[in-house]
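Novice: Before I ask anything, let me first share the structure, which is written out below as structure tokens.
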Amino acid sequence: MYNAIVSLGILFALWCTTCVGAQPVRFRVATYNVQNYLLKPTETRDPKPESARAKVQELIIKLDADLIGLQEIGGREALEELQTSLRVKGLDYPHAEIVPGFDTNIMVAVLSKLPFVDRRPHTNDLYQIDGKPYFVSRGIAQVTVEPKKGTKITIFVAHLKSRRAIPNADQARMRLEEAKILRKKVDDLLAADPRAMVIVMGDLNDTKDSPTWRVITSTGRARLLDTRPAELSWVRQQTTLTNTLRTETWTHFYSVQDVYSRVDYILCSYNLAKMLVPDQCYVLDDPDWGLASDHRPVVVTFMLN
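Numbering (my numbering), first residue to last: 117 to 421.
Printed below as a string of structure tokens:
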């Protein structure tokens, strides 16, 4: 009798474990160009004022992403300051990655609640234009996390060449070559594992259907889906907090030309796309977004089955 009870107890425990393991898991990711998040001046950039850094932190806290890709972080010290400030304010990202590149002033970075099961920083990629070599402007972050047991997701974070003209090469062509390098890294991953779950995020500095966008999204079975989040307005109605999607999708304001455009993206492989939660994918339209950056953050949520 005792053995029978013990056996039933073991079976029940296994059943419970299976049930728990089968529960969907929310996985929320975000991308944010934090515009010159520097603590100290460089030859070409000023430090970010404390008030602007505080606003960046406020918006990141509102997102509450499990993992966030950042662009224009002014080095490891700046990332650690952001990480510490968020922790003090109640949002802990114990895992961090920063990737230097040819541009030593601003870098891409990743903050994550989840540990990295793999990380492969890309810091010195080269391409050629008319026989002349160029380094990719900023490094490319590649990290893998496991939000749910047995479900690994690889995230690439990029910040491609800006649309600012330079004297020795065409900026659009440079950005296109950088896009090709980024896409090859995705293709190499999918060649090794066609069922890999992939997210590409960051400031691609180009618009939808541009050559840059078409190269990165690609075609066929390896195509990446453009999640295309729109604004999510938070509206208080009595004591109920509700949200309403609007159609505005812009993420960047270029004051010189008075132009609003969508240049910040979260792209994903199709095996992840079917797990998107549309009403939890949005561009954060905080009324004072411009105090933090000339970009607005983008967030996408998956429910992993």
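For each residue, glycine too, the CB sits at the ideal point set by N, CA and C.
Between which residues of its own chain and Val379 is the CB-CB distance below 7 angstroms, once the five residues before and five after are set aside?
Specialist: Excluding residues within five positions, the ones whose Cβ falls inside 7 angstroms are Asp319, Leu320, Asn321, Asp322, Thr323, Thr367 and His368.
Novice: CB Lys229 to CB Tyr243, shorter than 8 angstroms?
Specialist: For Lys229 and Tyr243, no; Cβs fall outside 8 angstroms.
Novice: Touching or not, the region 407–420 and the region 146–157, by the rule of three or more beta carbon pairs under 8 angstroms?
Specialist: Contact between the region 407–420 and the region 146–157 is present, because at least three Cβ pairs lie under 8 angstroms.
Novice: Under 8 angstroms: do the region 231–238 and the region 257–277 share three or more Cβ pairs, one atom per stretch?
Specialist: Yes: the two stretches touch, three or more of their Cβ pairs being nearer than 8 angstroms.
Novice: Judging by CA-CA distance, which residue of Pro403, Asp402, Asp401 and Lys390 is the nearest neighbour of Thr417?
Specialist: Here the closest residue by C-alpha is Lys390.
Novice: List, from N- to C-terminal side, the alpha helix (DSSP H) runs of 4 residues or more that fit wholly inside the region 170–230.
Specialist: Entirely contained in the region 170–230, the alpha helix (DSSP H) runs reaching 4 residues are, in chain order, 192–204.
Novice: Can the beta-carbon of Met313 be found less than 8 angstroms from the beta-carbon of Leu207?
Specialist: The answer is no: Cβ separation not under 8 angstroms.
Novice: Asp182: buried (16+ other C-beta within 10 angstroms of its C-beta) or exposed?
Specialist: So Asp182 counts as buried.
Novice: Going by DSSP, what residues sit across from Ala257 in a beta bridge?
Specialist: DSSP output for Ala257 lists Val273 as bridge partner(s).
Novice: Mind checking who Ser385 pairs with in its DSSP beta bridge?
Specialist: DSSP lists Leu340 as partners of Ser385.
Novice: Let me confirm a value: Glu166 is counted as buried when at least 16 other C-beta atoms fall within 10 Å, else exposed. Which label applies?
Specialist: Per the 10 Å Cβ criterion, exposed.
Novice: By how many angstroms is the C-alpha of Val399 removed from the C-alpha of Pro413?
Specialist: Going by the C-alpha atoms only, they are around 6 angstroms apart.
Novice: Touch check for the region 249–264 and the region 283–295: three-plus C-beta pairs under 8 angstroms?
Specialist: Output reads yes: the region 283–295 touches the region 249–264.
Novice: Who are Lys264's beta bridge partners in DSSP?
Specialist: In DSSP, Lys264 forms a bridge with Thr267.
Novice: Measure the alpha-carbon distance for Glu364 versus Ala346 and round it to whole angstroms.
Specialist: So the two alpha carbons sit approximately 5 angstroms from each other.
Novice: What residue range is occupied by the uninterrupted alpha helix (DSSP H) comprising Gln287?
Specialist: Taken as a continuous stretch (DSSP letters only), the alpha helix (DSSP H) holding Gln287 covers Gln287 to Ala308.
Novice: So, is Val273 buried or exposed, given that buried needs 16 or more other C-beta atoms within 10 angstroms?
Specialist: It counts as buried.
Novice: Assuming Gln187 and Val224 make a contact with CB atoms under 8 angstroms, what is their CB distance in whole Å?
Specialist: So it is a contact: roughly 5 angstroms between Cβ atoms.
Novice: If you follow the beta strand (DSSP E) that Ile245 is part of, which residue opens it and which one closes it?
Specialist: Looking at the DSSP string, the run of the beta strand (DSSP E) that includes Ile245 is Leu242 to Ile245.
Novice: Here's a check: name, in chain order, each residue in its chain whose Cβ is nearer than 8 angstroms to the Cβ of Val375, leaving out the five neighbours to either side.
Specialist: Closer than 8 angstroms at Cβ, skipping near neighbours: Phe369.
Novice: Which residues does DSSP pair with Arg144 in a beta bridge?
Specialist: Partner(s): Thr417.
Novice: Quick one, are the C-beta atoms of Leu227 and Val415 less than 8 angstroms apart?
Specialist: Cβ atoms of Leu227 and Val415: not closer than 8 angstroms.
Novice: Can you round the beta-carbon distance between Val215 and Thr239 to whole angstroms, since I take them to be within the 8 angstroms contact cut?
Specialist: That belief holds up - the Cβ atoms of Val215 and Thr239 are roughly 6 angstroms apart, short of 8 angstroms.
Novice: Could you pull the DSSP bridge partners for Gly149 from this structure?
Specialist: Rather than Gly, the amino acid found at residue 149 in this sequence is Asn. Note: Asn149 sits in a beta bridge opposite Gln187.
Novice: If you draw a straight line from the alpha carbon of Ala212 to that of Glu193, how long is it in whole angstroms?
Specialist: Cα to Cα, the separation comes out at about 12 angstroms.
Novice: For Arg235, report the span of its beta strand (DSSP E) as first-last.
Specialist: Arg235 -> beta strand (DSSP E) spans Phe232 to Arg235.
Novice: Please report the distance separating the alpha-carbon of Leu306 from that of Cys384.
Specialist: In a straight line, the C-alpha of Leu306 is about 12 angstroms away from that of Cys384.
Novice: Expressed to the nearest angstrom, what Euclidean distance is found between the alpha-carbon atoms of Ser334 and Asp325?
Specialist: When rounded, the distance between both Cα atoms is 11 angstroms.
Novice: At the level of alpha carbons, what is the spacing between Leu341 and Tyr386?
Specialist: So the two alpha carbons sit approximately 6 angstroms from each other.
Novice: In the structure shown, what three-state DSSP assignment does Glu347 receive?
Specialist: In the structure shown, Glu347 sits in a strand (DSSP, three-state: E or B).
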